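Okay, structure first, notes after.
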Amino acid sequence: AQSVTQPDIHITVSEGASLELRCNYSYGATPYLFWYVQSPGQGLQLLLKYFSGDTLVQGIKGFEAEFKRSQSSFNLRKPSVHWSDAAEYFCAVHSGSARQLTFGSGTQLTVLP
Amino acid sequence: EPEVTQTPSHQVTQMGQEVILRCVPISNHLYFYWYRQILGQKVEFLVSFYNNEISEKSEIFDDQFSVERPDGSNFTLKIRSTKLEDSAMYFCASARPGDYGYTFGSGTRLTVV
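Protein chains in written order, with my numbering: chain A, 1 to 113; chain B, 114 to 226.
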C-alpha cells in the first residue's frame, strides 16, 4: 500500500525567504504525486502535480516541486515566500488504477513579517 | 473557474441522527469522491463513485455510510446514525476522465454532539 510522509509538522520562515517542504512517498509503481494547500476554513487547492516526464514541475502561486525517484521524494519549493502563503500543505500520492489519493499528515507553514 | 460546491459549510447534529452532506461537482466531471479529515489528523479517503456506482471504498466507509447521485448535478453522502467519532471535515471532490488532479470543495464541518 502507498504511504506519504511529511517529516515537518510545522515550519516557520520569514517573508521573502526561500521555502522547501519535504515529502517522501512509498509506492511500488510509478507514482502520481500532488501538492495541495489548505488555508484556514478553506478546501484543498491543487498547487501542482507530477505524472511523468520532466521531474521539475511548476505550479500555481510560484511553487515548484522536484520528483526524485532515487530518494522517493517530491519536495515543494518556493524561492521567496509571501505572507499569504501561510497555510497547511499536503503532499499526496495517487494509487493509479484505484484513483484514490493518500495524503501525508501535512506541514503547517507560518510566515513571519 | 469552475468550483465544487458543498453545503452546508457547518452542521451540528445529535448522536444517532442521520445527516446528508451535499455536493455539486463540476459539471463535466465524471469521477466523484468523499474524503474526511478528523481534526488534527490526515485527510482520509472514504469513497469513489463513477458511472452511478461505487468504484472503491475504504474500511471507514461502513454500512452507516452511503452515497448517491440523485440527479445530474448533486452528489450526496449520508451518514445513517451519526457517532461522536464522525465529527470531521468532509470534503467532496470531482475529476474529469484521465485527470488525476481532483478539484476539492471547501468542505462541510460536521460536529456530532
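Where is the CB? At the ideal position from N, CA and C, for every residue including glycine.
Please read all numbers here as calculations on a predicted model, not as lab measurements.
_Contact with chain A by B/E172, beta-carbon distance below 8 Å_ = Judged by the 8 Å Cβ criterion, B/E172 is not in contact with chain A.
*Is the CB of A/K49 under 8 Å away from at least one CB in chain B?*
Output row for A/K49: interface = yes.
*asked:* Once DSSP output is grouped into helix, strand and coil, what is the label at A/K68?
replied: It is a strand residue.
*Curious, which full-length beta strand (DSSP E) runs of at least 3 residues does the region 9–68 of chain A contain?*
Within the region 9–68 of chain A, the complete beta strand (DSSP E) segments at least 3 residues long are 10–14, 19–21, 24–26, 32–38, 44–50, 56–58, 64–68, listed from N- to C-terminus.
*Is A/A92 near A/Y50, with beta carbons less than 8 Å apart?*
For the 8 Å CB-CB criterion, A/A92 and A/Y50 do not form a contact.
*Distance between A/Y27 and B/L152 (C-alpha atoms, nearest Å)*: About 26 Å.
_Span of the beta strand (DSSP E) around B/H123_ = Run containing B/H123: 123–126, per the beta strand (DSSP E) assignment.
*asked:* Judging by CA-CA distance, which residue of B/Q154, B/D175, B/K196, B/Y144 is the nearest neighbour of B/C205?
replied: B/Y144 is the residue among B/Q154, B/D175, B/K196, B/Y144 whose C-alpha sits nearest the C-alpha of B/C205.
*Residue of A/G41, A/Q100, A/S80 minimising C-alpha distance to A/Y32*: Relative to the Cα of A/Y32, the nearest Cα in the group A/G41, A/Q100, A/S80 belongs to A/Q100.
*What does A/G43 reach in chain B if we use C-beta pairs closer than 7 Å?*
Chain B residues near A/G43: F204, F217, G218, S219, G220.
*asked:* Suppose contacts are defined by Cβ-Cβ distances below 8 Å. Is B/S171 in contact with B/L190 by that definition?
replied: Not a contact, by the Cβ cut-off of 8 Å.
_Taking only three categories from DSSP, how would you classify B/E131?_
Reduced to three states, the DSSP call for B/E131 is coil.
*asked:* I'd like to know if the region 175–190 of chain B and the region 120–129 of chain B are in contact, where contact means that at least 3 CB-CB pairs between them fall below 8 Å.
replied: They do not touch, by the three-pair rule.
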